[in-house]
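Reading the sequence shown from the start, the letters are residues 50 to 526 in the working numbering.
Below is one structure, written out as structure tokens, with a few remarks after it.
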Amino acid sequence: MVLAFFFLLVGKTGYDPVFFLVGLNQKLLIATYILHSHFYPLIWSFSVFPKSTHETFANKLYQTFKTHKRFIKPKLSRTDFTVSHYAGEVPYQSNQFLDKNKDYVVPEHRDLLGASKCPFVAGLFPPLPEESSKSSKFSSIGSRFKLPLQQLMETLNSTEPHYIRCVKPNNLLKPAIFENTNIMQQLRCGGVLEAIRISCAGYPTRHPFFEFVNRFGLLAPEAMEANYDEKTVCKKILDKMGLKGYQIGKTKVFLRAGQMAELDGRRAQVLGIAAKSIQRRIRTHQARKHYLALRKKTIYVQSRWRGRLACKRYEGMRREDAAKKIQKNVRRYEARKAYKELHVAALTFQTALRAIAARKEFRFRKQTKASIIIQARWRCHKAAVYYKRLKRGAIVTQCRWRGRVARRELRKLKMMQHIQPVARGKRTKGGVADVDAAARIFTTGMKLCVWWIYTCKQKFGPNESNMLIRNEGFDRA
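Right, dumping it as structure tokens:
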């Protein structure tokens with residue numbers, strides 16, 4: 050029953066059974082789980098074949114379950130096999146498996162007994178659901194055994210099973226005698242201890258997502274505020290609490306033994322902290338309310354008393370201020386009188402000192418100005434004499450140089466006088482007069498004289514330039 054409920058829970062909720070299958074009976078549970086999906090189809094297939102024997106069926110079992118240590122093959126028998134259960138090793142003989150599986154109920158007999166008016170007899174032979182369409186279908190013992198097993202699984206799915214096991218306290222059947230060893234052996238052989246161990250090794254605490262979130266959502270408020278689904282919120286709550294080994298199925302959360310108590314303890318801590326915070330806020334509010342009322346009354350009394358003290362203090366300050374004003378005016382009059390006398394004396398002394406200093410400054414400036422004028426006149430005279438000497442020397446030098454250049458040009462012009470007959474149109478020894486050459490020479494000489502006269506007027510003035518022109522004989526030119 051426990052194993053059937055376990056495998057039903059695995060198929061319904063979808064959590065991983067690997068964490069459940071632990072301990073000494075792990076391979077036994079795996080073998081039992083595989084038995085439902087392999088053993089019955091195997092015996093059914095061998096029952097259909099006409100040439101199947103017990104040896105071939107046993108060999109097929111050996112090949113199928115040879116990897117499971119809980120399935121043991123005897124050394125002296127070819128048709129037997131042994132399954133190692135939690136209570137011990139149980140041998141099985143497969144000699145009559147195929148024969149017993151081929152036994153079937155005659156459909157006519159079943160229909161006859163099923164149509165009986167006695168409810169008890171009719172209930173022993175109910176119609177099979179799978180034979181509603183084909184009444185002549187072969188129904189073996191194994192196939193008929195699967196139907197009650199399937200009904201049992203459906204019943205377990207729709208209910209919450211609880212188990213009651215009766216034990217014999219002693220072999221003497223007398224009251225007040227409790228044999229520990231005998232009772233422990235009965236519980237062990239009856240599978241009670243194994244069922245408890247399986248329940249503890251698995252996930253004894255199972256809660257739907259909605260209930261788990263409503264109960265423990267306060268442990269992870271940030272996950273509740275976010276837009277997550279219930280499954281994600283459950284996972285974040287468990288991760289935040291640091292729990293290990295839990296499983297999250299399709300619709301439920303599976304917790305190991307002790308994890309629920311740990312979550313309740315953490316929840317109680319959070320609720321305790323929240324309750325303390327609420328109590329603290331309420332006490333704070335009440336204390337603040339009382340404090341504000343007391344403070345208001347205290348302020349009123351203090352304000353009245355301070356007002357009275359302030360009136361007395363103000364009267365004293367007013368009198369003190371009046372006395373200070375009188376003293377201040379008297380001291381100001383005396384100080385102003387002394388200041389005026391000192392100010393007049395200081396002005397008189399400063400005036401005398403400034404007059405003496407001004408006369409000294411005026412005398413110094415007058416002497417300085419006279420010396421500057423004398424120095425300026427003397428430097429001007431020396432500069433004028435030097436300038437005239439320098440100018441006269443430059444003019445003489447320029448005149449001598451220009452006279453020399455002019456005389457040289459004049460000699461050149463005189464040498465060219467022999468070309469005058471050519472200018473009148475006569476022939477030279479060569480035979481033809483060069484009029485253009487003579488004209489160019491004459492024009493060049495005239496331009497040179499005009500340029501020299503203009504330069505003299507620009508540099509030496511009209512008077513000196515006329516004198517220089519007369520000395521050099523250019524006035525005739």
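The beta-carbon is built from N, C-alpha and C at its ideal position, and this holds for glycine as well.
Item                                                                                            : Value
Complete runs of the beta strand (DSSP E) confined to the segment 319-365 [at least 3 residues] : none
CA nearest to the CA of T300, picked from K346, T204, T281, L341                                : T281
Closest Cα partner of S126 within the set S133, F114, F227, P140                                : P140
CB of R315 within 8 Å of CB of L268, strictly                                                   : yes
Nearest-angstrom beta carbon gap, L292 and Q318 [assumed within contact, 8 Å]                   : Rounded, the Cβ-Cβ distance is 15 Å, inconsistent with contact.
Separation of V132 from K115, as counted between CA atoms                                       : 12 Å
V262 burial status per 10 Å Cβ neighbour count (16 or more: buried)                             : buried
Range covered by the beta strand (DSSP E) that runs through Q142                                : 138-142
Inter-residue CB distance, I232 and P218 (contact presumed, cutoff 8 Å)                         : 6 Å
Span of the beta strand (DSSP E) around D129                                                    : 129-133
F303 beta carbon less than 8 Å from that of R246                                                : no
Span separating the alpha-carbon of Y295 from that of L110                                      : 36 Å
Span of the beta strand (DSSP E) around H256                                                    : 254-257
Three-state class that DSSP yields for K437 in the structure shown                              : helix
For I92, three-class secondary structure by DSSP                                                : helix
Closest by C-alpha distance to E157, when choosing among P176, R408, K166                       : P176
Inter-residue CB distance, F95 and F106 (contact presumed, cutoff 8 Å)                          : 5 Å
Pairwise C-alpha distance: E138 and L161                                                        : 43 Å
Rounded distance between the beta-carbons of F174 and G163, thought under 8 Å                   : 4 Å
Whole-Å CB distance - N150 paired with T128, under 8 Å assumed                                  : Not a contact, Cβ separation roughly 15 Å.
Burial state of C360 (16 or more Cβ within 10 Å)                                                : exposed
Spatially closest choice to P123 from I286, N276, Q142, by CA coordinates                       : Q142
V216 vs L236 beta-carbon contact at 8 Å                                                         : yes
Simplified DSSP assignment, three categories, for L222                                          : coil
F303 - DSSP class collapsed to helix/strand/coil                                                : strand
Coil, strand or helix - I232 by DSSP                                                            : helix
Euclidean distance between Cα positions of K461 and G442                                        : 29 Å
Span separating the alpha-carbon of A404 from that of A384                                      : 30 Å
Boundaries (first-last residue) of the alpha helix (DSSP H) holding G538                        : Residue 538 lies beyond the range of the chain shown here (50 to 526); nothing can be said about it.
Exposed unless 16 or more other CB atoms sit within 10 angstroms - verdict on L287              : buried
Presumed contact (8 Å Cβ cut-off) between F265 and L312, rounded CB distance                    : 6 Å
Start-to-end residues for the alpha helix (DSSP H) that takes in H103                           : 103-113
Cβ neighbour criterion (16 or more within 10 Å) applied to F413                                 : exposed
Residue interval of the alpha helix (DSSP H) (run including N276)                               : Neither: N276 is in no alpha helix (DSSP H) and is coded neither H nor E.
Complete runs of the beta strand (DSSP E) confined to the segment 381-453 [at least 3 residues] : none
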